[in-house]
Amino acid sequence: MLQKLLSYLIPINIHKQNSDINKSLEVTWNNGKLVLDSKNTNYSYGSLQRALKKGLRFIGFERIKNFESILVLGVAGGSVIKTLVEEIKYKNKITGVEIDKNVLELANQFFQLNEIENLELVNDDAFEYVLKTKEKYDLIIIDIFQDTVMPNFLFEDFFINHVNSLLNLNGFILFNTMVLTEKDKERNKLYSSKFKEQYSLRMYPKIEEHNELFTIKKLS
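In the working numbering, each number is its position in the sequence shown, counted from 1, plus 103.
Dropping the structure here:
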């Protein structure tokens with residue numbers, strides 16, 4: 104593919120569209136790989152995939168392989184799902200929740216998420232899904248952004264407690280955050296204080312330039 108080869112020299116944009124939620128969405132060949140970007144940040148298959156892969160490695164690929172169910176809140180192009188399926192060889196059920204139907208259409212069209220047999224894609228608001236699902240999970244990945252903005256509800260007790268209630272004993276939360284300002288640092292510090300002795304929390308700053316990860320294990 105000529106576009107793929109040329110992308111090692113300069114990014115080659117192949118698709119651009121607007122959506123009601125994410126405004127600008129772009130699919131681009133970059134260094135031989137297709138990536139999905141919003142106006143100001145990478146959404147899938149670039150720095151974001153590298154950050155989340157490191158988070159999964161912190162939890163342990165072999166441990167993840169034995170999990171019975173995984174929930175992904177914020178699918179975008181599905182790069183973390185591809186890491187789970189193609190690199191970790193995860194065979195059990197993955198549920199991916201994405202609020203933007205246009206993003207899901209791009210994920211299926213350009214990244215073939217709809218061809219993954221053990222994946223169920225749900226077009227829904229993550230907040231609403233967490234409130235109404237009756238399922239339990241061994242791993243919950245939270246990766247929700249609107250461009251460079253993280254919704255406030257992610258850091259509020261009501262949402263945190265509901266997510267925690269969906270987690271099986273010895274299960275993990277992998278939470279990807281973006282830290283651009285001192286206010287973001289204070290927000291994350293407050294978030295980390297919300298998990299008491301029944302959880303083991305670790306924070307990994309500067310995973311990529313602006314990404315800070317949390318891994319949270321449910322102990323009791």
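Glycine is no exception: its CB is placed at the ideal position from the N, C-alpha and C atoms.
Predicted model, so just to flag it, every value in this text is computed and none were measured.
Item: Boundaries (first-last residue) of the beta strand (DSSP E) holding Asn255; Value: Segment: none, Asn255 is in no beta strand (DSSP E) and carries neither H nor E.
Item: Bounding residues of the beta strand (DSSP E) (the contiguous stretch that carries Val138); Value: Lys136 to Asp140
Item: Identity of the residue in Asp123, Ile243, Gly158 and Ile247 nearest Leu316 by Cα; Value: Gly158
Item: Lys119, DSSP secondary structure in three states; Value: strand
Item: Beta-carbon spacing of Asn125, Ser141 below 8 Å; Value: yes
Item: Counterpart residues of Arg305 in DSSP-defined beta bridges; Value: Thr318
Item: C-beta contact flag for Leu139 and Gly180 at 8 Å; Value: yes
Item: Supposed contact pair Leu257 and Ile238 - C-beta distance, whole angstroms, cut 8 Å; Value: Reading off the sequence shown, one finds Glu at residue 238, where the question assumed Ile. Actually they do not touch by this definition, with Cβ atoms about 20 Å apart.
Item: Beta strand (DSSP E) runs contained entirely in the segment 261-288, provided each spans 3 or more residues; Value: 270-281
Item: Residues near Ile247 in its chain [Cβ-Cβ closer than 8 Å; skip 5 each side]; Value: Leu176, Gly177, Ala229, Met253, Pro254 and Leu257
Item: Option nearest Ser323 by Cα separation, candidates Tyr307, Asn314, Tyr302 and Ile276; Value: Tyr302
Item: Coarse secondary structure for Glu208, derived from DSSP in three states; Value: helix
Item: Short Cβ contact (8 Å threshold) for Asn279 with Asn314; Value: yes
Item: Beta-carbon proximity list for Trp132, same chain, < 6 Å, skipping 5 on both sides; Value: Gln106, Lys107, Ser110 and Ile115
Item: Which listed residue (Val206, Gly135, Tyr240 and Ile162) has its alpha carbon closest to that of Leu224; Value: Val206
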